[in-house]
Structure formats: C-alpha cells, structure tokens
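Residue numbers (our numbering), protein chains in the order written: chain G, 110 to 218; chain W, -4 to 110.
Note that the Cβ used here is the ideal one computed from N, Cα and C, for glycine as well.
The next block holds one structure in the form of structure tokens; read it before the comments.
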C-alpha cells in the first residue's frame, strides 16, 4: 500500500460544479503540499499546509492531522481547472516528500 | 523575478551513456530539490541540496547523483543510462533551509528519453 493515497484517480465535472479531491496518508507528516500539473508538465504549488484550512481564490485546502487526511476543493469549477492535482506529504522523519498518484480532473464547459 | 530554469528541455540518449541536467533556481533561493516523474511510478523525490550540501536523498541507485554550486545552481547526473530512466526530471527551488518544508517553485522539467 502506498504511503500517500489519492482519490479519485479521475474526475469529470461540468463547469460550475464543486469538486473535491481526497488525500490520505499513513505516515507521520510535518506538512502536506497540493500541486497542480497542466498538460505539458509544468507544476505549480497550490498550497502547503500543516493544520486547518487555506483558501486561495476558488481553491480551498484542508488537513486533519489526527485523521491523516487532506482535501482539496474547487468551487465553481472552470475548464481551465482541468489538470492533474497531486498531494505530497512531507514525512516527519527525514523531511522527504512522498507523492500521491495524482487525480486527473476534466471540467467540461 | 525569473522563475526556475532547466536545461536542456529535451534530451535523447542511448543506453549506457551518461547525462547531466542543469537547474537554475529563483534568485535568492538556496534549496534545490530534484524529482523524477514517470507514467508508472508517478513523481518520486530524488534528492535535495541546500548551500552545496545534500540534505536529503530518495531511494534511487547510486547512478543518480547531484551537486550544487556556490551560486545555488544544481546539476544532476545519471550514469550508465537504462531504458527505465526515461522520464520527466523536475527541479524545484525554495527559500527555506529544509526545502521540502517550504513552498516549492518548479521548473518546466527536462524530458529524457533513453533508447
């Protein structure tokens, strides 16, 4: 079993819908990143969080350290949100990044 | 500020050869991390450098090595290339002392194809 698991693997939504991507991890972590990767490979860091909730525009990320779970929400989704979203946990032992398998999101107009 | 740059962007090599990839971080960033991305394994952490010292290393064979220069530019080297080394190699820079605990700024990647 991977140390960081994401669900779903693929997600298709209609423009305007609310999207949730989940990330669960089995190791102790100090923080967690959410990344966005567009076709062509470029990766953008969306959030880094170690507790609670962060919001940036239509994106919201939450983390529950006790439950070892994080979620990324996209409100009022738009076709330009189509991308792969990846969570990456910073393992408390050694500060190494361990990645989830990614969630491929397609938002249809 | 200029972003993270990686050179070359595309590379084709033959099995058994070696390759050197370069990464220039954002000005003022002292931490550079390297990652490998393949369709089968996804993203994997290779190593992290801070102030010319390797701080962290992932689970890759010794054929994968790196270094960082005094201007924070970093190179990674893969010797005796194998077909399985075909991947997108990404580097990321951050301002923090332990790079992975700070926001990472990614370069566009180098796509390596081994034939």
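If you draw a straight line from the alpha carbon of residue 149 of chain G to that of residue 33 of chain W, how long is it in whole angstroms?
-> 13 Å
Is the Cβ-Cβ distance between residue 155 of chain G and residue 146 of chain G less than 7 Å?
-> no
What residue from G/215, G/218, G/207 has the CA that sits closest to residue 221 of chain G's CA?
-> What the structure shows of chain G is the stretch from 110 to 218, and residue 221 of chain G is not part of that stretch, so it cannot be assessed.
Would you tell me roughly how many angstroms separate the C-alpha atoms of residue 4 of chain W and residue 29 of chain W, rounded to the nearest one?
-> Looking at the two C-alpha atoms, the distance is approximately 15 Å.
In terms of residues, what are the limits of the beta strand (DSSP E) holding residue 161 of chain W?
-> The structure shown does not extend to residue 161 of chain W, since chain W is modelled only from -4 to 110, so the question has no answer here.
For residue 24 of chain W, does the count of other Cβ atoms within 10 angstroms reach 16, so buried, or fall short, so exposed?
-> buried
So is residue 205 of chain G in contact with chain W if we call contact Cβ pairs under 7 Å?
-> yes
Beta carbon proximity, residue 37 of chain W to chain G, threshold 7 Å | Judged by the 7 Å Cβ criterion, residue 37 of chain W is in contact with chain G.
What are the residues that DSSP puts in a beta bridge with residue 183 of chain G?
-> G/128, G/168
Does DSSP put residue 189 of chain G in a helix, a strand or coil?
-> Residue state for residue 189 of chain G is assigned as helix, using DSSP reduced to three classes.
Hey, how far is the Cα of residue 192 of chain G from the Cα of residue 213 of chain G?
-> 6 Å
Report yes or no: do the stretch 170 to 177 of chain G and the stretch -1 to 18 of chain W share at least 3 C-beta pairs separated by less than 8 Å?
-> no
Do you know how far the Cα of residue 218 of chain G is from the Cα of residue 186 of chain G?
-> 10 Å
Euclidean distance between Cα positions of residue 89 of chain W and residue 202 of chain G = 20 Å
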